[in-house]
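Quick note on my numbering: the sequence shown kicks off at 108 and runs consecutively.
Cβ atoms here follow ideal geometry from the backbone N, Cα and C, with glycine treated the same way.
All remarks here apply to the structure that follows.
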Amino acid sequence: MPDSVPQRFSDPAALRHCMAAWREAGERIVLVPTMGALHRGHLALVAEAQRIGDRAVVSIFVNPTQFGPNEDFSRYPRDLEVDLARLGEVGTDAAWTPTVETMYPPGFASRIEVVGLSEGLCGPFRPGHFAGVATVVTKLLNQVRPDVALFGEKDFQQLRVIQQAVADLDIGVEIRGVPTLREPDGLALSSRNRYLSPEERAIAPKLHGVLAEIALASRNGTGVAGRIAAGRAALEAAGFRVQYLTVCDARTLAPVERVDGPARVLVAAFLGRTRLIDNLAV
Ligand code: AMP
């Protein structure tokens, strides 16, 4: 029912009690994990949750363990009241808003490490990031115990890492990807877009433009190396500092020279102080 505030839980026992009641009533629970600062991309995940389930649960937790020491944890945008109002407008059933102390009490000592999939792409640039993500998502899945959890294809490596962890650890939840929601000029919606200056915001859609060119050119089995070099040069000329621009196997995320199966072109680049990532299916 739109425009009602979602039931908000900060206490794990209260959350578990509510989730158990819904499960016992035969309701299909769909979880959308987020770090808040909600935008229309997040709300597209909530809409999908409502479409495929009976109860849409959104977690909001800015997870300290997935940020590196020089990353934006302390300045990451946080506005819980605005987020809850937005979730209410679209009729979210419950918001799970644990504190850092609830998630990581003194003595917390475990970590989920997904080898292989975590090691390429963002891995070398963000040491420990995917272990932080896999660990917190495992906790969220165990807390909520949803039937399905939704993740954006925007964070494609994250989606694959979580699918692998859930399969390996028999967590018993279906992980589904949701296509990336974009601005009309192609820029993928992201909580970090608000860091961009007006000048940077004008340049930012170039990222999607280059991905689209490479995806199109790589489709017919031609080599990708030349296209990638040209795309990288175009981004650097526009003012980006490119960390990686690569075409990978969509399942293993291993780089491919030639596309002969499901593949993805992925990029990470800094624009000023803001790190942007994006990807497209080839
Ligand atoms: P975040 O709050 O950035 O951790 O994102 C929470 C979830 O929303 C993740 O599964 C993201 O992949 C997803 N997401 C972020 N931006 C978008 C977007 N533009 N379109 C679709 N999903 C997104």
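Please check the pair residue i and residue j, which I expect to be a contact at CB under 8 Å, by giving their CB distance rounded to whole angstroms.
i, j, result
"Val374", "Leu318", "6 Å"
"Arg115", "Leu228", "At roughly 35 Å, the Cβ-Cβ gap does not stay under 8 Å, so Arg115 and Leu228 are not in contact."
"Ala376", "Arg348", "6 Å"
"Ile159", "Val255", "6 Å"
"Ala272", "Val221", "5 Å"
"Pro312", "Gly284", "Their Cβ separation, rounded to whole angstroms, is 22 Å, which puts Pro312 and Gly284 out of contact at 8 Å."
Bridge partners of residue i, per DSSP?
i, result
"Tyr351", "Ala375"
"Asp356", "Ala370"
"Gln114", "Ala201"
"Ala256", "Leu138, Ile282"
"Arg218", "Paired residues: none, contrary to the question."
"Gly235", "Beta-bridge pairing links Gly235 to no other residue."
"Arg365", "Gly330"
"Ala295", "Arg289"
Measuring CA to CA, which of the options is closest to residue i?
i, options, result
"Glu178", "Arg299, Ala309, Arg371", "Arg299"
"Ala361", "Ser304, Arg267, His146", "Arg267"
"Thr287", "Glu155, Ala120, Ile321, Gly143", "Glu155"
"Thr381", "Ala357, Pro305, Gly279", "Pro305"
"Leu138", "Pro119, Ala120, Val164", "Val164"
"Gly368", "Leu352, Val389, Asp385, Ile384", "Val389"
"Phe174", "Gly333, Arg233, Ser217, Gly198", "Arg233"
"Val189", "Tyr302, Ser111, Ala144, Ile219", "Ala144"
"Pro253", "Leu383, Arg130, Ser117, Pro113", "Arg130"
"Arg218", "Leu187, His149, Pro176, Thr242", "Thr242"
"Gly279", "Phe263, Asn249, Asp161", "Asn249"
"Ala83", "Leu303, Gly284, Leu314", "Missing from the structure shown is residue 83; the chain here goes from 108 to 389 and no further."
"Phe263", "Ala357, Leu323, Ala337, Glu196", "Ala357"
"Val363", "Arg339, Ser325, Gly338, Gln350", "Ser325"
"Asp161", "Val240, Ala132, Glu226, Val207", "Ala132"
"Gly316", "Pro140, Leu342, Phe215, Ala121", "Leu342"
"Gly195", "Ile310, Val112, His236, Val285", "Val112"
"Asp200", "Leu383, Thr353, Ile136", "Ile136"
"Thr141", "Phe168, His124, Ala121, Ala128", "Phe168"
"Ile269", "Ala121, Arg301, Gly223", "Gly223"
What are the boundary residues of the alpha helix (DSSP H) that includes residue i?
i, result
"Asn386", "From DSSP, Asn386 is part of no alpha helix (DSSP H) but of the beta strand (DSSP E) over 381 to 388."
"Pro312", "Neither: Pro312 is in no alpha helix (DSSP H) and is coded neither H nor E."
"Ala163", "Not the alpha helix (DSSP H): Ala163 falls in the beta strand (DSSP E), residues 162 to 167."
"Gly338", "332 to 345"
"Asp275", "263 to 275"
"Arg301", "Arg301 -> no alpha helix (DSSP H), and no H or E assigned at all."
"Ala127", "119 to 131"
"His149", "147 to 159"
Exercise. How would the residue list near the ligand AMP read, in chain order, if you kept each one whose beta-carbon is closer than 6 Å to any heavy atom?
Worked result: The set of residues whose C-beta lies within less than 6 Å of a heavy atom of the ligand AMP reads, in chain order, Thr141, Met142, Gly148, His149, Ala151, Leu152, Phe258, Gly259, Lys261, Asp262, Val285, Thr287, Leu288, Ala295, Leu296, Ser297, Ser298.
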